[in-house]
Amino acid sequence: MTRRNWTIQETRAAFALYLLLEPSQIDKRNSDIIALAKALDRTPSAVALKLWNIAANDANRVESGRVGMSHGSKLDKEIWIEYDSKGDELVSESLDLLNQATADPDKKLDSFRPIERNLESIPEGQERIAAVRQRVNQRYFRNSLLSAYHNKCCITGISIPRLLVASHIKPWNICNPKTERLATDNGLLLNAFHDRAFDQGLITIDQQYKIRVSHTVKHKQDPLDWLWSFDGAEIDLPSVKKPKKEFIEYHNDVIFLK
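Take 26 as the starting number for the sequence shown in this note's numbering and just add one per residue.
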C-alpha cells in the first residue's frame with residue numbers, strides 16, 4: 026500500500042471508531058480496526074497508530090501511558106478542537122463517515138452493535154440519530170473512566186467489567202453538554218451497588234476524596250454495612266484528572282442526603 030497523508034474524512038471516521046473502542050482494543054488485530062483499514066486501503070497497523078495519535082491529544086486520557094507518534098498529524102489535534110466546538114454534530118458526521126467507509130450489509134462493526142441494541146422502538150429520523158449519538162458519547166465516557174481507573178471500582182477495587190458503572194458526579198441530565206458531560210473529572214468508576222448509592226445520595230466523597238455515608242443510613246441494618254465499612258476511606262484516584270472539586274461540591278450540596 027502506498028503511504029499517504031490522512032484526509033479529514035478519514036480522520037473523522039477513525040475518530041468515530043476511537044470513541045467506540047476501549048483503550049485495550051486499540052490494536053492492529055482488532056476486527057473493527059482491520060475492517061476500517063480494509064475500507065481505507067491502509068494497514069491495520071496504520072489505523073491502530075492513527076487511533077493512538079488521536080488518543081495522544083485526548084484531554085481525558087493523555088496520562089494513560091500510551092501515546093502515538095510525537096509528530097502525528099495536526100488533524101489529530103484539530104479533531105479535538107472541532108469536537109470541543111461542535112460536539113454532537115461532529116459525532117454524527119464522524120459516525121456517518123465510519124458507517125459509509127465500512128458499509129457491509131452482512132457484518133456490523135462489533136463495537137457498534139451495543140450502540141444499536143434495542144433501538145427498534147425509536148422511529149427513524151432525528152430521534153434515533155440523537156439516541157445513537159448519546160450512546161456513543163456515554164460509551165466514550167465509560168471507556169475513558171475504565172482507562173483512568175485501571176478497570177477497577179474506585180471504592181472496592183472490584184474489576185469485573187460487567188459490574189462497573191461510569192457514574193457522573195454532577196448528573197448527566199443537568200451537565201453542560203460541551204464541558205461537563207464527558208469530562209472524566211466529573212466521573213467515578215463504581216460497582217453497581219455503590220453507583221446506585223451515590224446516585225441516590227446515600228454516599229458522597231468530600232474534598233479530600235474520602236467517602237462519606239449519609240446519616241439516613243442506619244448502622245443496625247446489616248446488609249448496609251457495605252456502605253458504613255467504607256466511611257472515611259479514601260477512594261482510589263484516577264491516573265488522569267482527579268474528580269473536580271466543583272462537581273464534588275455540587276454532589277455534596279444537592280444530591281447527598283445529610
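A virtual CB, placed ideally from N, CA and C, is assigned to each residue, including glycine. For clarity, every value in this text was computed on a predicted model and none was experimentally measured.
Identity of the residue in the options nearest residue i by Cα
i                 : options                       : result
aspartate 109     : Lys63, Asn162, Ser146         : Asn162
proline 186       : Glu35, Glu47, Gln125          : Glu47
tryptophan 105    : Arg86, Asn124, Ile79          : Ile79
arginine 158      : Leu44, Thr36, Leu188, Thr32   : Leu44
lysine 235        : Leu252, Arg221, Ser136        : Leu252
proline 196       : Glu274, Gln232, Gly257        : Glu274
leucine 170       : Asn277, Ile194, Arg153        : Ile194
phenylalanine 137 : Asp278, Leu227, Ser56, Lys270 : Ser56
leucine 282       : Gln151, Ala217, Arg37, Ala222 : Ala222
serine 70         : Glu107, Arg167, Arg28, Asn198 : Arg28
asparagine 176    : Arg164, Leu189, Arg153        : Leu189
Three-state class that DSSP yields for residue i in the structure shown
i              : result
serine 49      : helix
serine 264     : coil
isoleucine 199 : helix
alanine 191    : strand
alanine 73     : helix
threonine 229  : strand
leucine 213    : strand
glutamate 205  : coil
valine 279     : helix
Limits of the unbroken alpha helix (DSSP H) element including residue i
i              : result
leucine 237    : In the sequence under discussion, the amino acid at residue 237 is arginine, which differs from the leucine named in the question. Taken as a continuous stretch (DSSP letters only), arginine 237 belongs to no alpha helix (DSSP H), being part of the beta strand (DSSP E) at 236-238.
tryptophan 253 : 250-253
serine 98      : Neither: serine 98 is in no alpha helix (DSSP H) and is coded neither H nor E.
lysine 63      : 56-65
Beta-carbon spacing of residue i, residue j below 9 Å
i                 : j              : result
valine 77         : isoleucine 59  : The residue asked about is misnamed: residue 77 is tryptophan in this sequence, not valine. Their beta carbons are not under 9 Å apart, which means tryptophan 77 does not touch isoleucine 59 by this criterion.
leucine 213       : proline 268    : yes
alanine 173       : proline 263    : yes
isoleucine 280    : threonine 241  : no
valine 72         : lysine 102     : no
aspartate 113     : alanine 155    : yes
glutamine 209     : lysine 266     : Per the sequence shown, residue 209 should be read as threonine rather than glutamine. Yes, these two residues count as a Cβ contact at 9 Å.
phenylalanine 272 : asparagine 211 : yes
leucine 61        : alanine 39     : yes
isoleucine 183    : aspartate 261  : no
serine 119        : arginine 67    : no
Residue i, enclosing beta strand (DSSP E) - first and last residue
i             : result
histidine 219 : Where histidine 219 is concerned, there is no enclosing beta strand (DSSP E), although the alpha helix (DSSP H) it sits in stretches over 217-224.
Practice prompt. Pick out the complete alpha helix (DSSP H) segments inside the stretch 102-183, 4 residues or longer, and give them in chain order.
Written response: 113-126, 138-141, 151-173
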